[in-house]
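Report on the following structure.
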Amino acid sequence: MDGMLYGDTIDLLATGDSIRDGVYHLYASFSKADNFTDAQGRMVSLTAVASLMEASTLLVSAHVPGSVDVIKVTPGLIWLNSTSYDKSKTALYSSEYLYPDLKLDNIRRRVQEVIEEDMLLFPEKSLFHLLLASNNQGFTSAFEKALAEEFWRAFERFQQDVAGGVRSFRGRGFGLTPSGDDFIAGVLYGLHGIEMITKQDLRALREQLYRQAIGSNLFSNHLLLMAREARYFKRLKDVLQAMFSGKKTDTVSCLKQLAGVGKTSGADLLCGFFAVLLHQTAFPYQK
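Sequential numbering from 340 applies to the sequence shown in the working numbering.
Okay, structure coming up:
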């Protein structure tokens with residue numbers, strides 16, 4: 340598609356707050372978003388779906404999959420193919436999330452409530468069911484049952500040793516981003532949450548886990564990078580804001596949105612987030 344369509348009929352509405360200057364070429368195209376990478380493997384996405392906003396996303400008023408081949412980002416402009424947009428005239432999505440002023444035990448009680456009350460919102464083949472509810476009914480084939488056993492062993496190790504468990508989850512499972520990588524990203528977000536809530540400095544641990552987890556999957560690496568940097572995507576921010584506000588209707592609606600990310604990705608990430616928040620060995624119960 341030529342630049343005329345973008346320049347004349349499609350607006351750039353918002354940009355993420357962690358998009359580096361550079362040239363990004365089309366890497367993968369999907370119905371709701373296109374993904375672009377630069378020479379270093381950094382990723383930028385293009386979408387017209389506001390709920391898919393994250394730190395490296397460009398939100399446009401309309402999206403035709405595969406219509407943009409190249410994105411160029413400069414200090415003042417963003418180019419989609421041959422059409423330029425002024426950064427100063429677009430909204431800026433903030434990926435920061437400020438945790439409420441609550442003690443860790445209060446946060447844990449809210450997490451337990453969600454696990455007990457809202458489990459059915461998540462896919463049966465997700466780690467949310469397997470690890471947090473001890474339910475492996477969604478894992479039916481011989482391969483899936485063997486994979487479930489691997490996840491159980493990894494989770495048992497994780498319960499004793501966060502870092503050792505993360506190594507066991509790396510690259511395991513289904514999906515564009517394997518379930519194990521989604522779980523690790525959730526752990527990284529959860530560690531940031533504990534850091535903010537308890538005022539502990541966990542940056543070294545987060546960096547260690549990130550280094551252990553990255554591999555050759557660019558989608559996983561991007562997700563892990565955003566989690567390491569504590570850059571929250573919109574659907575996760577919405578879940579956390581609803582959960583800690585105590586509004587049940589909002590929480591269910593936001594959980595459904597997060598559960599809709601990939602086949603199990605959203606649920607697997609939330610599983611890792613909850614698992615580390617509930618981790619009594621590494622982070623003892625606090626009054």
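We put the beta carbon where it would ideally sit given N, CA and C, even for glycine.
Cβ neighbour criterion (16 or more within 10 Å) applied to residue i
i	result
Val501	buried
Cys610	buried
Thr413	exposed
Leu563	buried
Thr590	buried
Asp360	exposed
Phe482	exposed
His364	exposed
Ser555	exposed
Pro404	exposed
Gln619	exposed
Tyr624	Residue placement at Tyr624 is poorly supported in this model, since its pLDDT is 46, which falls under 50; the coordinates still yield a value, given next. By the 10 Å Cβ count, Tyr624 comes out exposed.
Gly519	buried
Leu459	exposed
Leu469	buried
Cβ shell of residue i (< 7 Å), same chain only, five flanking positions each side left out
i	result
Leu597	Arg574, Leu575, Val578, Gly605, Leu609
Arg496	Gly503, Gly504, Ser507
Leu352	Leu398, Val399, Ser400, Thr429, Ala430
Gln476	Glu463
Val450	Phe613, Leu616, Leu617
Val383	Ile358, Tyr363, Phe375, Ser395, Leu397, Ile410
Tyr438	Gly532, Met535, Ile536
Neighbourhood of residue i by C-beta, 6 Å cutoff - its chain only, sequence neighbours within 5 removed
i	result
Phe397	Here residue 397 turns out to be Leu, not Phe, going by the sequence shown. Taken in chain order, the residues that qualify are Thr354, Leu385.
Leu515	Phe558
Phe461	Phe467, Ala598, Ala606
Ile454	Leu471
Gln498	none
Tyr528	Ala566, Phe612
Thr348	none
Minimum C-alpha distance to residue i - residue among the options
i	options	result
Asp350	Ala430, Glu456, Phe375	Ala430
Leu402	Phe369, Gly525, Ala387, Ser357	The question names Leu, but residue 402 is His in the sequence shown. His402 has its Cα closest to that of Ala387, out of Phe369, Gly525, Ala387, Ser357.
Leu548	Tyr432, Thr376, Ser507, Val450	Ser507
Asp440	Ser465, Ser584, Gln498, Arg492	Ser584
Ala372	Ser406, Ser357, Arg381	Ser406
Asp356	Arg570, Ser370, Phe613, Thr348	Arg570
Val615	Ser368, Gly601, Lys595, Arg545	Arg545
Ser433	Glu534, Ala389, Thr588	Ala389
Gly525	Lys586, Ala552, Asp540, Asp425	Ala552
Cys593	Asp457, Gly380, Ala581	Ala581
Residue range of the unbroken alpha helix (DSSP H) whose run includes residue i
i	result
Met535	518-537
Asp444	443-457
Ala487	481-499
Leu541	Per DSSP, Leu541 belongs to no alpha helix (DSSP H) and is neither H nor E.
Limits of the unbroken beta strand (DSSP E) element including residue i
i	result
Ile410	409-412
Met382	382-386
Gly361	361-368
Asn374	372-376
Proximal residues to residue i (C-beta, below 8 Å), its chain only, five neighbours per side dropped
i	result
Lys595	Leu460
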